[in-house]
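So the protein lines, in turn, are chains A and B. Going by my numbering, 36 is the number at position 36 of the first sequence; the sequence numbering is gapless. Counting from 1 along the second sequence, just add 67 to a position and that's the residue number in my numbering.
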Amino acid sequence: MSYIVSFARFWYDFIVGDDWVIAAVVVLTLLATAGLTQAGVGAWWLVPLAVLGVLWFSVWRVASQHD
Amino acid sequence: MISGSIVLVMASFLASAVEMVEALTIVLAAGVTRGWRSSLIGVGVALVALAAIVALLGPALTFIPIDVLRLVVGALLLVFGLQWLRKAILRASGYKALHDEDAIFEREAAAARAQGHEARTGLDWYAFTLCFKGVLLEGLEVAFIVVTFGAAQQQIGLAAVGALAALVIVLVVGVVIHRPLSRVPENTLKFTVGLLLTSFGTFWAAEGVGVAWPGSDLAILGLLVVYTLAALGYVRLLRQQRAVVLAAAKAGGSK
């Protein structure tokens, strides 16, 4: 069991890294984009907007904690 | 798309170059302090393991429908790329230490000298495991990019060629100069790879949920330009913030 936990933790750290908010925002944004697209709305702009927003939020948060 | 193939090779090459430079530092530290035989065997075993991962996973991914594959791969590349980009921005703005290969070499060499000598199956076990783990872990990021990026473009072989080319160049340079490659602009390379992965990840993931991009494949270029300008802007803003904080701290300290 501990091997499975260690394996899962390794891949979590590998892909998600030390800011899980980025992964969460990406998943939620893709879900929202899928929903809007299904509803006939051209939502190509949503993912780039979310990326710009979460990237700034993530680096600003580190900088603020540092300062 | 020929330009897509060029970007694919470039992304694999740059990612591989960055990771292999880091792995080279570890291998040099082990080789110089503990001997080359066990160190290089560790490297060889790790490279075989990495090749096996790419060889097994790559063809397995081709059984997945391309739309599903692009969504999953796109989302993974986007998250992974944002990780790289985030760290590159923090290093460029001074909020995270730059990778100092010389310092890492000295640290690893000191640790290697301090270790006892345990032999297993005729190998210096410390040197073997240090090099095996170092090359495997650094190479896993390259393998991830080769498999995912390559699968989404259905050109894993081409992606592998890019990665191998970087590996060979780094190895040759490392053997010739026999010291860590501390003058390689690692953060610039990581910045570039982060931008490429984030741009392609965005494009494929959104396509995977049914988005029709204006300009079709040209949208990738648009994303790359927007993300590059934004990332450089973020670095500038953070540097300004850091300068203000440092100036305030200095002023406060001199009172």
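C-beta: ideal position from N, C-alpha, C; glycine also. It should be emphasised that the depicted structure is a prediction, and the values quoted were computed from it without experimental measurement.
Anticipated Cβ contact below 8 angstroms, residue i with residue j, distance rounded
i: Glu142 (chain B); j: Leu30 (chain A); result: First, the amino acid is wrong: residue 142 (chain B) is Ala here, not Glu. Between Leu30 (chain A) and Ala142 (chain B) the Cβ distance is about 6 angstroms, and since that is below 8 angstroms, they are a contact.
i: Leu138 (chain B); j: Ala272 (chain B); result: 6 angstroms
i: Val240 (chain B); j: Ala82 (chain B); result: Actually they are not in contact, since the Cβ atoms of Val240 (chain B) and Ala82 (chain B) sit about 17 angstroms apart, beyond 8 angstroms.
i: Leu262 (chain B); j: Tyr294 (chain B); result: 5 angstroms
i: Val54 (chain A); j: Ile22 (chain A); result: 5 angstroms
i: Leu165 (chain B); j: Asn254 (chain B); result: 6 angstroms
i: Gly229 (chain B); j: Val76 (chain B); result: 4 angstroms
i: Leu371 (chain B); j: Leu144 (chain B); result: Any property of residue 371 (chain B) remains undetermined from this structure, which presents chain B solely from 68 to 322.
i: Gly17 (chain A); j: Gln221 (chain B); result: In fact, because the Cβ distance is near 28 angstroms, the residues do not count as touching under 8 angstroms.
i: Val99 (chain B); j: Ala181 (chain B); result: Not a contact, Cβ separation roughly 14 angstroms.
i: Ile109 (chain B); j: Phe199 (chain B); result: Per the sequence shown, residue 109 (chain B) should be read as Gly rather than Ile. Between Phe199 (chain B) and Gly109 (chain B) the Cβ distance is about 4 angstroms, and since that is below 8 angstroms, they are a contact.
i: Ala355 (chain B); j: Glu205 (chain B); result: Absent from the model: residue 355 (chain B). The displayed extent of chain B is 68 to 322, so no value can be given.
i: Val324 (chain B); j: Val88 (chain B); result: Residue 324 (chain B) lies beyond the range of chain B shown here (68 to 322); nothing can be said about it.
Coarse secondary structure for residue i, derived from DSSP in three states
i: Ala315 (chain B); result: helix
i: Leu49 (chain A); result: helix
i: Asp67 (chain A); result: coil
i: Ser105 (chain B); result: helix
i: Trp280 (chain B); result: coil
i: Asp169 (chain B); result: helix
i: Val41 (chain A); result: coil
i: Lys154 (chain B); result: helix
i: Ala164 (chain B); result: coil
i: Leu288 (chain B); result: helix
i: Arg250 (chain B); result: coil
Residue i beta carbon near the ligand MG (any heavy atom closer than 7 angstroms)
i: Val16 (chain A); result: You won't find the ligand MG in this model; it holds no ligand whatsoever.
First and last residue of the uninterrupted alpha helix (DSSP H) at residue i
i: Phe130 (chain B); result: Neither: Phe130 (chain B) is in no alpha helix (DSSP H) and is coded neither H nor E.
i: Ala34 (chain A); result: Trp20 to Gln38
i: Thr188 (chain B); result: From DSSP, Thr188 (chain B) is part of no alpha helix (DSSP H); its letter is neither H nor E.
i: Tyr3 (chain A); result: Ser2 to Ile15
i: Val12 (chain B); result: Past the edges of chain B, shown from 68 to 322, lies residue 12 (chain B), and the structure says nothing about it.
i: Leu197 (chain B); result: Trp192 to Ala219
i: Lys257 (chain B); result: Glu253 to Gly275
Buried or exposed by the 16-neighbour rule on C-beta atoms within 10 Å, applied to residue i
i: Tyr12 (chain A); result: exposed
i: Val292 (chain B); result: exposed
i: Arg101 (chain B); result: buried
i: Ser105 (chain B); result: buried
i: Ile4 (chain A); result: exposed
i: Gly217 (chain B); result: buried
i: Ile131 (chain B); result: exposed
i: Phe7 (chain A); result: exposed
i: Asp19 (chain A); result: buried
i: Ile73 (chain B); result: exposed
i: Ser58 (chain A); result: buried
i: Ser2 (chain A); result: exposed
i: Ile244 (chain B); result: exposed
i: Gln38 (chain A); result: exposed
i: Val311 (chain B); result: exposed
i: Val41 (chain A); result: exposed
i: Arg153 (chain B); result: buried
i: Val115 (chain B); result: exposed
i: Gln65 (chain A); result: exposed
i: Gly268 (chain B); result: buried
i: Thr215 (chain B); result: buried
i: Ser79 (chain B); result: buried
i: Pro281 (chain B); result: exposed
i: Leu117 (chain B); result: buried
i: Ser70 (chain B); result: exposed
i: Phe10 (chain A); result: exposed
i: Pro126 (chain B); result: exposed
- Item | Contact residues within the segment 41–60 of chain A, judged by C-beta distance below 7 angstroms to chain B | Listed by position along the chain: Ala43, Trp44, Val47, Pro48, Val51, Leu52, Leu55, Trp56, Ser58 and Val59.
- Item | Proximal residues, the segment 2–21 of chain A versus chain B, C-beta separation under 9 angstroms | Residues of the segment 2–21 of chain A whose Cβ lies closer than 9 angstroms to any Cβ of chain B, in chain order: Phe14, Ile15, Val16, Gly17, Asp18 and Asp19.
- Message: By the 8 angstroms beta-carbon criterion, what residues does the segment 300–322 of chain B contribute toward chain A?
- Response: Result list: Tyr301, Leu305, Gln308, Arg309 and Val312.
- Using a Cβ cut-off of 7 angstroms, which residues of the segment 139–154 of chain B contact any Cβ in chain A, in chain order? Taking a C-beta cut-off of 7 angstroms against chain A, the contacting residues of the segment 139–154 of chain B are Ala142, Leu143, Leu145, Val146, Phe147, Leu149, Gln150, Leu152 and Arg153, listed in chain order.
- Query: Given a limit of 8 angstroms on CB to CB distance, which residues of the segment 277–300 of chain B reach chain A?
  - Reply: Those residues of the segment 277–300 of chain B that come within reach of chain A (Cβ to Cβ, closer than 8 angstroms) are Gly277, Val278, Ala279, Trp280, Pro281, Ala286, Leu290, Val293, Tyr294, Ala297 and Ala298.
- Message: Under 7 angstroms, CB to CB, which of the residues in the segment 265–277 of chain B have a partner in chain A?
- Response: Against chain A - using a Cβ distance shorter than 7 angstroms - the residues of the segment 265–277 of chain B are Thr265, Thr269, Ala272, Ala273, Val276 and Gly277.
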